[in-house]
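Visitor: So the sequences go chain by chain: A and B. Under our numbering, the first residue of the first sequence carries the number 64, and numbering increases by one thereafter. Under our numbering, the first residue of the second sequence carries the number 5, and numbering increases by one thereafter.
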Amino acid sequence: MSDLLSDEVPQDDSMEDVMTPSELISKLEEAWQNEKFSPELLQNKSEVVECVMEQLTHMESNLLRVKKGDAKASIHRMEIDRIRFVLSSYLRSRLQKIEKFFPHVLEREKSRGEGDPSLLSPEEFAFAKEYYANTETYLKAVALKRMPPNLQTLNMLKAVPEPYLDSFVFLRVKERQENILVEPESDDQRDYVVDLEEGSQHLMRYRTIAPLVSTGAVQLI
Amino acid sequence: MDPSEVEFLAEKETVKIIPNFSLDKIYLIGGDLGPFNPGLPVDVPVWLALNLKQRQKCRIIPPDWMDVEKLEEIRELERKEDTFMPIPSPFYTELTKLLLNHASDNIPKADEIRTLVKDIWDTRIAKLRLSADSFISQQEAYAKLDNLTLMEINTIRSFFLDSLNCMYKLRSNLQPGSSGGKLSDY
């Protein structure tokens, strides 16, 4: 019986570097924190999400086959609950941002290049489009159709506020960066550059370090 | 971020326990644990240690830094200096609260430790408030905060970041040629 629980959990070979399950969970937690603290929707990490789901379903099916009351089973179950919490929180965070910025998200997805990584997973994309259509129908039915005909157009991109990329964020540096430009608040201060040492923590505007978040060089905290 | 979510992250830290049961190695998704033998210390994550303790299956050994003399030194150093001192654990507040609430019988001088950690926390939060104040009044756009823990950052996060963003929006609207017409969220 203990064999069932000590089964080798499957590795997903379709990812670029094969990750151990614990690296996978760390990646999920990093993605969770980044998504929580970033003002805009980040690239989707659907490979990580799929792999984690696979690990969870595999572990759960193992647990079903084990008789009740086993000490190991309860420990595994606790771990599954913890991972599930992080995963749900991550997906919920993304959905909240999709709902908040839906026309801009759809615009970004439409205008990205062929080889660029996608912003939305297929399910999220379907959700965003449905949300757009529903909001449009709602606004038309509730208000717009009662307006004079020349005021009945609706430009969603202007109607819905954009994500605020100049907001301040806290970050921790994972890979050393040089010459990051800091733009000051008022005119009488000069622009200056800072170097980001590995392991240090900083507070600065999101716009400058946005590309570093997507490459994984910094972690939002 | 909710403080309970910061505590969630703190629960991943490892702590030594002495189990009173035996179990062979477990292969969790996050890593391998064990084997567990009665009387022999083993490293486990805090979430598991607390659960086992509540089921009276183990004894928790406090981490090295959770000691009255060491904490007194840290407290004195923190009070003397104006800047933030390095602290022994990035999750000192959460670990103190969790371990003292659930395993105070395993920790010598638990009450003193609780008071010391609270003093250290109060001193650091006071420094944080001062530096946040000067950050805003000098209109800085960048700060380095190496020795701050996540719980301390989280305490001022929502108020501080919202006010900074608000002030930046107000200031940039005053300047000519700013990106007017680009409505941001309120």
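Glycine residues also receive a C-beta, built at the ideal position from the N, C-alpha and C atoms. In this text the structure is predicted, and so the values were computed from the model without any measurement.
Grab the span of the alpha helix (DSSP H) containing residue 7 of chain B for me, first residue to last.
Guide: Element bounds for residue 7 of chain B: 7-14.
Visitor: Report yes or no: do the region 206-216 of chain A and the region 146-161 of chain A share at least 3 C-beta pairs separated by less than 8 Å?
Guide: No contact exists between the region 206-216 of chain A and the region 146-161 of chain A.
Visitor: In the DSSP assignment, find the unbroken alpha helix (DSSP H) run with residue 84 of chain A in it and report its ends.
Guide: That run of the alpha helix (DSSP H) goes 84-100.
Visitor: Taking residue 142 of chain A as the query, report the chain B residues whose CB atoms sit under 8 Å from its CB, ordered along the chain.
Guide: The contacting residues are 32, 33 and 34.
Visitor: Sort out for me which residues DSSP pairs residue 147 of chain B with in a bridge.
Guide: Answer by DSSP bridge pairing, in chain order: A:266.
Visitor: Return the residues of the region 129-151 of chain B that lie within a Cβ-Cβ distance of less than 7 Å from chain A, sorted by chain order.
Guide: Answer set for the region 129-151 of chain B: 143, 145, 146, 147, 148, 149 and 150.
Visitor: With a Cβ-Cβ cutoff of 9 Å, do residue 232 of chain A and residue 264 of chain A count as a contact?
Guide: It is not a contact, given that the beta carbons lie outside the stated cut-off.
Visitor: Fully enclosed by the region 68-138 of chain B, which alpha helix (DSSP H) runs are 4 residues long or longer?
Guide: Complete alpha helix (DSSP H) runs here, min 4: 72-84 and 96-107.
Visitor: I'd like to know if the region 96-110 of chain B and the region 60-69 of chain B are in contact, where contact means that at least 3 CB-CB pairs between them fall below 8 Å.
Guide: Yes: the two stretches touch, three or more of their Cβ pairs being nearer than 8 Å.
Visitor: Name the chain A residues that come within less than 7 Å of residue 96 of chain B, Cβ to Cβ?
Guide: Here the premise fails: no neighbours, minimum Cβ distance about 16 Å.
Visitor: Run through the region 178-254 of chain A for me and flag every whole beta strand (DSSP E) of 3 or more residues, listed as ranges in chain order.
Guide: Counting only runs of 3 or more, we get 231-236 and 240-245.
Visitor: Could you compute how far the alpha carbon of residue 140 of chain A sits from the alpha carbon of residue 116 of chain A?
Guide: Straight-line Cα distance between these residues: approximately 15 Å.
Visitor: Of the choices B:116, B:148 and B:7, whose alpha-carbon is the least far from that of residue 87 of chain B?
Guide: For residue 87 of chain B, the nearest C-alpha among the options comes from B:148.
Visitor: List the residues of chain A that residue 157 of chain B touches, going by C-beta distances under 7 Å, in chain order.
Guide: The contacting residues are 233 and 284.
Visitor: Rounded to whole angstroms, what's the CA-CA distance from residue 178 of chain B to residue 164 of chain B? Just pull it up for me.
Guide: Residue 178 of chain B and residue 164 of chain B: Cα-Cα distance of roughly 21 Å.
Visitor: Could you check where the alpha helix (DSSP H) with residue 159 of chain B kicks off and where it finishes?
Guide: Segment 154-178, the alpha helix (DSSP H) holding residue 159 of chain B.
Visitor: Could you pull out every residue in the same chain whose Cβ sits closer than 7 Å to the Cβ of residue 125 of chain B, ignoring the five residues on either side in sequence?
Guide: Excluding residues within five positions, the ones whose Cβ falls inside 7 Å are 97.
Visitor: What whole-angstrom Cβ distance do residue 30 of chain B and residue 84 of chain A have, given they're in contact under 8 Å?
Guide: Contact flag wrong, Cβ pair sits at about 13 Å.
Visitor: CB-CB under 7 Å to residue 24 of chain B, same chain, minus the five flanking residues each way: which ones, in chain order?
Guide: Excluding sequence neighbours, residue 24 of chain B sits near 42, 61 and 62.
Visitor: Determine whether the Cβ of residue 262 of chain A lies closer than 9 Å to any Cβ atom of chain B.
Guide: Chain B contact via Cβ: present.
Visitor: Which residues of chain A have a Cβ atom closer than 9 Å to the Cβ of residue 44 of chain B, listed in chain order?
Guide: Within chain A, no residue comes near residue 44 of chain B; the closest Cβ sits about 17 Å away, beyond 9 Å.
Visitor: Considering Cα atoms alone, identify which of B:85, B:72, B:150 and B:102 is closest to residue 113 of chain B.
Guide: The option with the nearest alpha carbon to residue 113 of chain B is B:72.
Visitor: Give the interface partners of residue 69 of chain B over in chain A, defined as CB-CB distance under 7 Å, in chain order.
Guide: Within 7 Å Cβ-Cβ: nothing; residue 69 of chain B doesn't reach chain A, min ~19 Å.
Visitor: Just the C-alpha distance for residue 141 of chain B and residue 230 of chain A, rounded to the nearest angstrom, thanks.
Guide: About 18 Å.
Visitor: Could you name the residues of chain A that residue 55 of chain B contacts, counting a contact when the two beta carbons are closer than 9 Å?
Guide: Simply 137, 138 and 141.
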